[in-house]
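All residue numbers for the sequence shown refer to my numbering, where the first residue is 1 and numbers rise by one. Each residue gets a CB set at the ideal place from its N, CA and C atoms; glycine is no exception.
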Amino acid sequence: MSILNSKNVLLGISGGIAAYKTASLVRLLIKSGAHVKVVMTPASKDFITPLTLSTLSKNPVHSSFTNDEDENAVWNNHVDLALWADVFIIAPATANTLSKMANGSSDNLLLATYLSAKCPVYFAPAMDLDMYKHKSTHENFKKLQSFGNIIIPATSGELASGLVGEGRMAEPEDIVSFIENDILDKLPLRGKKVLITAGPTYEAIDPVRFIGNHSSGKMGFEIAKAAANLGAEVILITGPTHQNLSHSLIDVVPAISADDMYKAAHMHFGNVHIAILSAAVADFKPKEVATQKIKKKESTLTLELEKTKDILASLGDIKKKQYLVGFALETNNELENAKGKLKKKNLNLIVLNSLNDKGAGFKSDTNKVTFIDDKNEIIQFKLKSKSEVAVDLLNKILKEIHA
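What follows is the structure, encoded as structure tokens:
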């Protein structure tokens, strides 16, 4: 899954021959999972039709403040367009449009939207060789970059005039890749590796039966998504679950039993910076596993159980510089039990939630948690969605590791 997935991307198109490439650019942005809207200068419609772009983007295309064909139409609000965008791409950015951007001119909808934008703005220059080399063009590049705008450098190649040299707009694939990498490089967990465990474990009784629990894995999967969206490389070790996740920064490692999860966690722990163990690992497993299905010969069945390996405690024993987070699901003496677990297992942070809180715990889409760290700071949260809890947790970790 691309870092652009679910982001609102506004594409501004100015009037140059390279505008024909924007059909492919829109298609690639949609393929990355982005929501795309297009705003055009009037001149750009000579090179590509709004109908093409609206069909590909699945949104109306805007090119003027009002619809001249409908006197009752509502005006196209440039402020709304600008505030909607998480990312604004101006491609192609012609010499004329770049000059107006640099000098605050606002004689069309695209420029008015640009001047209202509060999101990152990327511009991909496209013009002929002599125009690209002109001193005024490079002064405009510098000025726009001083405003915080990000240039996607033009490439060399054959130009519309027949000349060969710089000025060719970057290819759509390269524009998308440039923006993805630029966003990733600025994310706070870029370069960090995060280990996350999620879901239940199943401890076999015989080939068809097992001891398990009601964990859905939702909390761990939300934490994995939140960490990846902050730029982390994530190793997600998950027990049996119906949750699905596809992200370019997340490596999903399946596990069935507590022993499977133990081995996988220890295999990866030495290479990570942060480990968040949210899985509901079985505390006990059958001492002997039947090789054949156990028949119902008697009215009762006695199973001898033995403890599983404590994954969290074992990682706490060997941790060096890793930031280690555990979860505690309690039903009584919640705070004291969680504090004891934090100290006993050598954790940096423990996330407490109680089965006594309505809307918290297994299977639900919400959770109510309390953070307790190794400095005895306690932060209680109201009931939130598990995605919001994941963001709160990552924000807390970021605060601690950057302190």
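From the options, residue whose alpha carbon lies closest to that of residue i
| i | options | result |
| --- | --- | --- |
| I30 | S54, I150 and N356 | S54 |
| C119 | N96, I89 and D130 | I89 |
| T366 | S299, S385, E139 and V61 | S385 |
| D80 | L230, N96, K309 and T113 | T113 |
| V176 | D130, T94, S99 and V9 | V9 |
| N96 | A275, H134, N77 and V61 | H134 |
| P153 | I179, I372, G15 and N395 | I179 |
| K285 | L301, I274, N376 and D259 | D259 |
| Y202 | N337, A232, T241 and I150 | T241 |
| T261 | K343, L111, A338 and T238 | Residue identity differs from the one stated: residue 261 is Met in this sequence, not Thr. Nearest of K343, L111, A338 and T238 to M261, Cα basis: T238. |
| S24 | A91, A82 and L98 | A91 |
| V194 | I235, K186 and K345 | I235 |
| A93 | L144, T49 and V61 | L144 |
| A102 | I3, N181, I150 and L355 | I150 |
| F221 | T52, T41, V38 and E388 | E388 |
| A18 | R209, E330, D46 and N5 | D46 |
| E233 | N376, K339 and S248 | S248 |
| K399 | Q322, M40, S354 and P188 | P188 |
With 16 other Cβ atoms within 10 Å as the buried cut-off, status of residue i
| i | result |
| --- | --- |
| P125 | buried |
| M267 | exposed |
| F65 | exposed |
| L406 | Look at the range of the chain in this structure, 1 to 403, and you will see that residue 406 is not part of it. |
| Q128 | Checking the sequence shown, residue 128 turns out to be Asp, not Gln. When all chains shown are included, D128 counts as buried. |
| S57 | buried |
| I311 | buried |
| G157 | exposed |
| A160 | exposed |
| N140 | buried |
| L301 | exposed |
Span of the beta strand (DSSP E) around residue i
| i | result |
| --- | --- |
| G167 | V164 to R168 |
| G12 | N8 to I13 |
| D174 | Where D174 is concerned, there is no enclosing beta strand (DSSP E), although the alpha helix (DSSP H) it sits in stretches over P172 to D185. |
| F432 | In the structure displayed, the chain extends from 1 to 403; residue 432 sits before or after that span and is not available. |
| H35 | H35 to M40 |
| N353 | L349 to S354 |
| K193 | K193 to A198 |
| G157 | T155 to E158 |
Residue range of the unbroken alpha helix (DSSP H) whose run includes residue i
| i | result |
| --- | --- |
| H402 | From DSSP, H402 is part of no alpha helix (DSSP H); its letter is neither H nor E. |
| N229 | K218 to N229 |
| G316 | I311 to I318 |
| S54 | P50 to S57 |
| D80 | H78 to W84 |
> Does the count of Cβ pairs from the stretch 203-216 and the stretch 165-172 closer than 8 Å reach three?
Replying inline: Flag = no, the stretch 203-216 and the stretch 165-172 do not touch.
>> Taking 8 Å as the cut-off, does the stretch 282-301 touch the stretch 315-334 (at least 3 CB pairs, one atom from each stretch)?
In response: They do not touch, by the three-pair rule.
>> Taking 8 Å as the cut-off, does the stretch 34-54 touch the stretch 267-282 (at least 3 CB pairs, one atom from each stretch)?
In response: The stretch 267-282, when compared against the stretch 34-54, does not touch it at the 8 Å Cβ threshold.
> In chain order, which continuous runs of the alpha helix (DSSP H) of length 4 or greater are located wholly inside the stretch 110-153?
Replying inline: For the stretch 110-153, whole alpha helix (DSSP H) runs of length 4 or above, ordered along the chain, are 129-133 and 135-146.
> Can at least three beta-carbon pairs, one atom from the stretch 344-356 and one from the stretch 368-375, be found at a separation below 8 Å?
Replying inline: Segments in contact, yes.
> Taking contact to mean at least 3 C-beta pairs separated by less than 8 Å, is the stretch 300-307 in contact with the stretch 240-260?
Replying inline: Look at the beta carbons and you see the stretch 300-307 not touching the stretch 240-260: under three pairs across the two are nearer than 8 Å.
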